[in-house]
Every structure is written in structure tokens, then in C-alpha cells.
Amino acid sequence: FSEVQSPLCENKVGISGFILLGRKGVYKVEKFLGEGSFGKVAKCKKLGTDQVVAIKIIWGSGQMEINALEELSQINADDHNLVKFVESFKYKKYTCIAFEVLDQSLLDFMEKRDFHPLTVEEIRTIAWQLVVALKGLKSVNLVHCDIKLDNIMLVDHVSEPFRVKLIDFGLAEKIGHMRTGATMQNICYRAPEVILGLPLDQSVDLWTVGYILFVLYTGSFIHGWDADYNILRAMVKMQGRLVEDNIPFWSCHQLIHSCLDKTKLKEVEQFVDLLKRMLMVDPSKRISPSEALQHPFFTMGRVQPTAGTQTTNPEEPPECSSMKKKPGRIQQQRETIREHLAKLEERCSSKKKPGRIQQQRDAINNYQAALQKRNLGTQQDHNTDKSLQSQAAFRRKRRF
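Residue numbers (the UniProt record's numbering): 1 to 400.
Here's what the structure looks like:
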């Protein structure tokens, strides 16, 4: 539906214009951010507050997504790089789900840069967050089932470069409820066990994340938006492994040799090794989120804490420390910046301001000496009072 022919304009009962009445507040639609087969997403402001949210307006009941979001409410969204759920409510035959407003999808970001590949450091930051998100999903026995570039959002790329969150849980499933032979995932990101109709578990998400990391590094998709048959044929040519060079586009050796900066060669080798483990055709051999977080690609160069010391997040790799994930840590970063600015200002004031103040004091002293010399013969009290008044007036004049 469009802004002109929107259900928000239909039969305004008790509300007017683009107004949505939620359970936790009243929202005014400011603009539409996007649309899909499900409906539309609108940017809304909660009346009476400065809070801005994104409201997903769904054609159907949206019960699967609501159920998944309620499950995810058991864990901290920020800690696990998941979109914050605000509330859900009904508007006529539509379901409305309110979330925090985010920046842009990774797909939009990559399209704007013509799919120019990201650096290993940038990919490491994104990869870490996605694996942490999968670990969070696994902790509540959920599988996303629809991870793709469209469903990975940059939070605020200007203030927090490459901080991402996972969104859209409309196809999420409980691990125990995944049906063998069920069709899920976008065909371009589809895991081999889904194509083959084999038993499914959370490892389908690991495959997709590995695929996405490959795309971010190469700027190209491994295979096109093709039929399952052609995707399977490519996998058969690989003989079930990524370590072979049967298909140059899939060649891990080619990825390593494409590294022009030899100082980064070790990092690229570790990255390729992680990709191999994520993209194992046999899901039983695929790496798990917990194992992935301990992979050398993330742990390489990490300083291990000594006895009696603690880290804020012992799992966080050094390369991700500048991209603060938690609100508390963002605040710490801001406070550190403020401290540095205060010290800089103090240093500047100690060098510059005393000079100006000293000049002012010298001028006052010179003026006072001149007055004393001029009135040397008369030391009466009324002359002294006038001198003091003149000095005070002079100081006020100099001050402005």
C-alpha cells in the first residue's frame, strides 16, 4: 500500500490521519522507509515524547515473528546485536510491530559502494557481531532462517562504523520445530541441507553468515540467483569441500593470494580457514557459534588477562574494541573523549590565557603607577578613592 492508499487512512475511528494507537503509546507516521511482500515499514514518532520507532505494518497476523520476538526478549538485544523490539499491536486487519530505528541494510550499503570489497578488519568486526547474534539465538533455541544482506542493519554508520544488528524474525523457527524438507532461506543464501531436504538445525544460519562474509570480502556472489539444481551442481564440483580448486571462484587459495598487503596475509589465512569451517557442506562438521568465537581469526593478537584481572567482555577481539557494542561501553568511550578534551583545554588555557591575563594586569599596574606619579604631591583620601574608582572602571572597560 502507498501513502495515499494506505490502511492508515481508512475509516479513521477515534484517530485521525497517519496515527497508530499502540498499547504503549500513540504513534504518528512520518514517512515510509520500505516495503515488501509482507507490507510496509514506517518511521513513526511516539506522541508526547522524542522517541522515534520503525513500525512494521504486516498484512497477516505476524504471529510467528511476534512469538520469536517474545522469545528473544529473554536476552539483551544490544548485547547480542539483535534489533530492539518495542511492542506489537493490531490496527484493523493489520499487525503492527514497533522496533528501534536503524540506519541502513548491508545490502544498501554495499550497493552504494558498487559492492567494493570490505577490508579484513571491517569484516572481522561484522563477523564477530553476527556470530554473537547466532549464539544469542541458539541460547533461546531459535534459528533465524532468513539471514541475508537485507536483514543485517548498520546501526549508525557515521557514529558507530560497522556496528550491525540482525533484523526480521518473520521466518524464525524453534530448533525442535524445523521440518525436514521445509523450504527456507533466500535461494542465493540457501544452505545445502535445505536444498537436499535433509534434517535441519541452527547450522543453516552459520552457512548463510559464512556466505555473506565471502560476499563482503570479494564483492561478488558465489553463484547467481539461480535454481537449486545449478547451486547443487556447483557444490558437487567442489566434491563437498571448499579446499579444492575445482571452481576458481570458490578457490580459498585464490582468496589468500589475492591479498596484496603481505602484512595482512596471516589475517587473510585465518579468515579463509573460518570460512571453510562455516561453509562445510556437511552440517554436522560445520563450526558452531561458540567455536567460531574462539577461532584464531578473532583471538589472534588478543592479550590474555593475567591472574586477578578481569575484562569487560573476555570474548571481544581487540579489533572490535573501537566499535562499542554496549550502551555502557559507548558511554565509557564518550567519557574518555570528554576527559581528553578537558585535558587539552586545560593545557591550552595554561599556555594562552595567563599571557592575556598578565598583559591586562601589567596595563593596570602601569596605569596605577602613572596616576601615583602624577598625583605625587597630593595624597589625600578623596584622591585615593578617585584613583581606585578609575582603576575599577578601567578594569571593567578592559574586560569587555
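The beta carbon of each residue, even a glycine, is placed where N, CA and C say it ideally should be.
Terminal residues of the continuous beta strand (DSSP E) containing residue i?
i      : result
Met153 : 152-156
Lys93  : Counting along the chain, Lys93 falls outside any beta strand (DSSP E), and DSSP gives it neither H nor E.
Phe18  : Premise fails: Phe18 is in no beta strand (DSSP E) and is neither H nor E.
Ile175 : Taken as a continuous stretch (DSSP letters only), Ile175 belongs to no beta strand (DSSP E), as it is neither H nor E.
Pro161 : 160-166
Phe221 : Phe221 -> no beta strand (DSSP E), and no H or E assigned at all.
Ala77  : No beta strand (DSSP E) contains Ala77, which DSSP labels as neither H nor E.
Leu33  : 26-36
Ala182 : Run containing Ala182: none; DSSP gives neither H nor E here.
Cys44  : 39-46
Can you tell which of the options has its C-alpha closest to the C-alpha of residue i?
i      : options                        : result
Gly176 : Asn141, Asp50, Met64           : Asn141
Val209 : Leu274, Gly48, Gly34           : Leu274
Asp79  : Gly62, Gly136, Gln270          : Gly136
Leu149 : Phe38, Leu33, Glu111           : Glu111
Asn67  : Trp207, Pro283, Ser290, Glu173 : Glu173
Leu171 : Phe271, Glu160, His157, Met184 : Met184
Thr99  : His116, Val53, Ile57, Gln74    : Looking at the sequence provided, one finds Phe at residue 99 rather than Thr. Of the listed residues, the one whose Cα sits closest to Phe99 is Val53.
Ile58  : Lys93, Leu265, Ser288, Ser284  : Lys93
Arg85  : Val131, Ala182, Ile55, Asp50   : Position check: residue 85 holds Phe in this sequence, whereas Arg was assumed. Among Val131, Ala182, Ile55, Asp50, the Cα nearest to that of Phe85 belongs to Ile55.
Phe38  : Lys276, Arg23, Gln63, Tyr27    : Gln63
Leu293 : Val132, Arg277, Gln270         : Val132
Tyr27  : Ile75, Ala191, Ile97           : Ile97
Arg23  : Leu47, Leu33, Ser284, Lys285   : Leu47
Glu267 : Glu70, Val120, Glu65, Ala77    : Val120
Tyr91  : Val83, Gly60, Glu291           : Gly60
Phe271 : Val281, Ile126, Ile187         : Ile126
Could you check where the alpha helix (DSSP H) with residue i kicks off and where it finishes?
i      : result
Arg277 : 265-278
Phe109 : 106-112
Gly136 : 120-139
Val194 : 192-195
Ile66  : 63-72
Thr49  : Note, Thr49: premise wrong, no alpha helix (DSSP H); not H, not E.
Val288 : Residue identity check: residue 288 is Ser in the sequence provided, not Val. Note, Ser288: premise wrong, no alpha helix (DSSP H); not H, not E.
Count the other C-beta atoms from every protein chain shown that fall within 10 angstroms of the C-beta of residue i, then say buried if there are 16 or more, exposed otherwise.
i      : result
Arg124 : buried
Ser203 : buried
Leu20  : buried
Pro199 : exposed
Lys40  : buried
Leu72  : buried
Val194 : buried
Leu213 : buried
Val158 : exposed
Leu265 : exposed
Asn81  : buried
Pro161 : exposed
Pro314 : At Pro314 the pLDDT is 43, less than 50, meaning the model places this residue with poor confidence; the figure from the coordinates comes in the next sentence. Result: exposed.
Ser88  : buried
Arg277 : buried
Thr180 : exposed
Gly36  : exposed
Leu130 : buried
Glu65  : buried
Arg113 : exposed
Ala182 : exposed
CB-CB under 7 Å to residue i, same chain, minus the five flanking residues each way: which ones, in chain order?
i      : result
Glu30  : Lys43, Cys44, Lys45
Thr218 : Pro117
Met178 : Val143, Leu200, Asp201
Ser139 : Ile75
Among residues of its own chain, excluding the 5 on either side of residue i, which ones have a beta-carbon nearer than 6 Å to its beta-carbon?
i      : result
Leu216 : Leu118, Ile123
His295 : Leu274
Gln189 : What sits at residue 189 in the sequence shown is Tyr, not Gln. Closer than 6 Å at the Cβ level, and outside the excluded window around Tyr189, lie Lys148, Thr208, Tyr211.
Met153 : Leu102, Ser105, Lys165, Ile167
Asn151 : Ile167, Asp168
Leu107 : Leu149, Asp150
Pro283 : Glu193, Ser203
Give me, in chain order, the residues of the same chain whose beta-carbon lies closer than 8 Å to that of residue i; leave out the 5 immediate sequence neighbours on both sides.
i      : result
Val155 : Leu102, Asp103, Arg163, Val164, Lys165
Asp205 : Leu134, Leu137, Val143, His144, Cys145, Ile147
Thr49  : Gly25
Could you tell me whether any non-hydrogen atom of the ligand ATP is closer than 7 Å to the CB of residue i?
i      : result
Leu196 : Ligands displayed in this structure: none; no statement on the ligand ATP is therefore possible.
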